[in-house]
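J.:
Number of protein chains: 2
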Amino acid sequence: MGAEGGLRERKKLQTRAALADAALRLALEKGPDHVTVEEIAEAADVSVRTFFNYYSHKEHAILGRNPEHLERALERMRSAPAEESPLTTMWFVVHDVLRDLESEGELSRRGELIMSSPALLYQLMLSSIDDERQLTAALAERLGEPVGSTRPALIVSAAGAACRVAMELHKTAPDRPIRELVDEGFQLLAQGIDPAFGPNN
Amino acid sequence: MGAEGGLRERKKLQTRAALADAALRLALEKGPDHVTVEEIAEAADVSVRTFFNYYSHKEHAILGRNPEHLERALERMRSAPAEESPLTTMWFVVHDVLRDLESEGELSRRGELIMSSPALLYQLMLSSIDDERQLTAALAERLGEPVGSTRPALIVSAAGAACRVAMELHKTAPDRPIRELVDEGFQLLAQGIDPAFGPNN
DNA sequence: GCAGCTTCTTGCACTCACTGCAAACTATTA
DNA sequence: TAATAGTTTGCAGTGAGTGCAAGAAGCTGC
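As they're listed, the protein sequences go chains A and B.
1 is the number of the first residue of the first sequence in the UniProt record's numbering; add one for each residue after it.
1 is the number of the first residue of the second sequence in the UniProt record's numbering; add one for each residue after it.
In structure tokens form, the structure reads like this:
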């Protein structure tokens with residue numbers, strides 16, 4: 001892991017990580033709604049005010065969101081081979097993130113935690129929505145479609161839905177790995193969720 | 001409109017409506033982030049504490065969420081003819097809600113407001129998630145599928161995604177009516193969002 | 001019409017999230 | 001080592017949201 005820059009940079013990264021760690025640990029221990037920012041800050045040995053210099057919301061710290069993920073996703077999207085179908089690109093993007101989270105060994109626990117707490121889910125959605133907008137824009141450009149067209153937006157958004165469904169189902173059936181559930185969802189989306197659809201038959 | 005029950009009942013409905021109205025009006029006027037509960041309560045001529053007796057979150061009042069919608073949706077889902085395909089049922093459910101919102105004459109303004117405010121969008125999603133769970137359960141039962149299966153959950157969730165995409169697109173292109181955008185999304189979901197999908201080709 | 005019950009409203013005190021500001025502190029750079 | 005630029009912190013303040021207990025108001029039986 002590249003420890004670039006001077007002491008200052010390193011300290012910032014350290015503090016950020018310490019806050020995220022403490023936040024996740026405490027949230028797992030006491031339930032996300034019963035952790036206060038004060039506790040998190042104390043556990044990370046900084047002041048409350050400093051906490052807010054790093055994370056604007058309590059939930060951000062617990063989610064420990066890595067901005068790098070979005071960056072990589074956008075990059076992957078832009079550099080995808082021309083013949084790769086859009087949902088396939090999304091699939092790679094999603095699995096890339098999953099790989100990262102898994103290697104941190106917290107995919108499952110964190111996923112469960114997220115799905116169990118409205119506030120967390122909500123914050124995750126917040127960032128998802130922002131991400132979705134950017135991913136949609138990137139995908140639309142890649143497909144050469146106008147900004148207002150439905151398909152790219154729907155592909156991104158439906159892929160997000162598939163991920164959320166996968167997490168939710170994994171929570172109730174932990175024996176089915178998330179990847180498998182995600183793949184199933186993507187497969188369904190790809191081929192059509194309901195070929196018999198026809199409200200005006 | 002049936003004014004059931006005694007004075008008490010009516011007053012409660014009145015207060016609830018007054019709060020929702022004031023909340024929406026003020027949110028449209030000053031932007032949702034610059035309205036305080038105090039103002040809303042004052043405009044509705046009740047105390048702040050009373051506000052919270054009706055809505056547990058400020059955003060709920062602005063969304064003015066009608067619990068009746070979910071009820072009707074579940075009812076529609078349960079009583080759907082056996083041969084109606086699942087996404088078609090969702091379509092009717094969605095259009096039923098749209099009709100209601102339209103008749104209140106606020107679909108567009110409220111939709112725009114919601115899409116423009118993270119806090120509102122999150123609250124909407126939160127309630128959506130709750131709704132989605134119930135709708136998913138109902139749909140799974142109707143399809144005779146086990147609770148943990150992917151398809152019903154994905155159908156409900158993807159339909160929600162289509163609605164959100166429709167609102168988002170409508171915001172940037174107000175000339176395209178929401179219904180039309182919703183239909184386009186449903187059509188795509190039904191037939192398959194990406195027939196060429198195949199990460200393991 | 002009133003006593004007694006239930007339900008709704010309100011004020012109050014409190015916790016907690018979050019923000020702006022200015023002072024103190026610390027790495028960096030010349 | 002002195003100037004500078006970035007970081008941390010305390011403090012004061014706003015606003016959301018909750019629990020509690022007292023009072024107001026609708027309801028019910030007489």
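The C-beta atom is built at its ideal place from N, Cα and C for all residues, glycine as well.
Source: prediction; values computed, not measured.
First and last residue of the alpha helix (DSSP H) that includes Gly185(B)?
T.: 178-191 is the extent of the alpha helix (DSSP H) around Gly185(B).
J.: Rounded to the nearest angstrom, how far is the Cβ of Gly31(B) from that of Gln191(A), given a contact under 8 Å?
T.: The Cβ separation is near 43 Å, so there is no contact.
J.: Hey, out of Glu102(A), Ala73(A), Asp100(A), Leu101(A), whose CA is closest to Thr88(A)'s CA?
T.: It is Ala73(A) whose Cα lies nearest to the Cα of Thr88(A).
J.: Check whether chain B comes within 8 Å of Val35(A), counting only Cβ atoms and requiring the distance to be less than that.
T.: Not an interface residue.
J.: Alpha carbon to alpha carbon, what distance is there between Val182(A) and Leu120(A)?
T.: Rounded to the nearest angstrom, the two C-alpha atoms are 21 Å apart.
J.: On the premise that Ala166(A) lies in contact with Gly148(A), defined as a C-beta separation below 8 Å, what is that separation, rounded to the nearest angstrom?
T.: So it is not a contact: roughly 29 Å between Cβ atoms.
J.: Since Ala44(A) and Thr15(A) are thought to touch, with beta carbons under 8 Å apart, how far apart are those beta carbons, to the nearest angstrom?
T.: Contact holds; Cβ gap of about 7 Å.
J.: Given that Asp194(A) touches chain B, what residues does it touch there, using C-beta distances under 7 Å?
T.: The answer, in chain order, is Ser85, Pro86, Leu87, Ile155, Ala190.
J.: Output, in chain order, the set of chain A residues within a Cβ distance shorter than 7 Å of Ile62(B).
T.: Residues of chain A passing the Cβ test: none, with the nearest at roughly 15 Å.
J.: On the three-state DSSP scale, how would you describe Tyr54(B)?
T.: Correct three-state label for Tyr54(B): helix.
J.: Let me make sure I understand the geometry here. Which of Ala18(A), Met77(A), Gly160(A) has the alpha-carbon closest to that of Ser47(A)?
T.: Nearest of Ala18(A), Met77(A), Gly160(A) to Ser47(A), Cα basis: Ala18(A).
J.: Could you spell out the range, first to last residue, of the alpha helix (DSSP H) harbouring Val147(A)?
T.: Run containing Val147(A): none; DSSP gives neither H nor E here.
J.: Going straight from the alpha carbon of Leu25(B) to that of Leu63(B), what length do you get?
T.: Residue identity check: residue 25(B) is Arg in the sequence provided, not Leu. Going by the C-alpha atoms only, they are around 11 Å apart.
J.: Mapping the DSSP letters down to three states, classify Ala20(A) as helix, strand or coil.
T.: DSSP places Ala20(A) in helix when its eight states are reduced to three.
J.: Interface residues of chain A around Ala137(B) at Cβ under 9 Å?
T.: Per Cβ cutoff of 9 Å: no residues; Ala137(B) is ~12 Å from chain A at best.
J.: If we cut at 8 Å on Cβ distances, does Pro32(B) have a partner in chain A?
T.: Closer than 8 Å: no.
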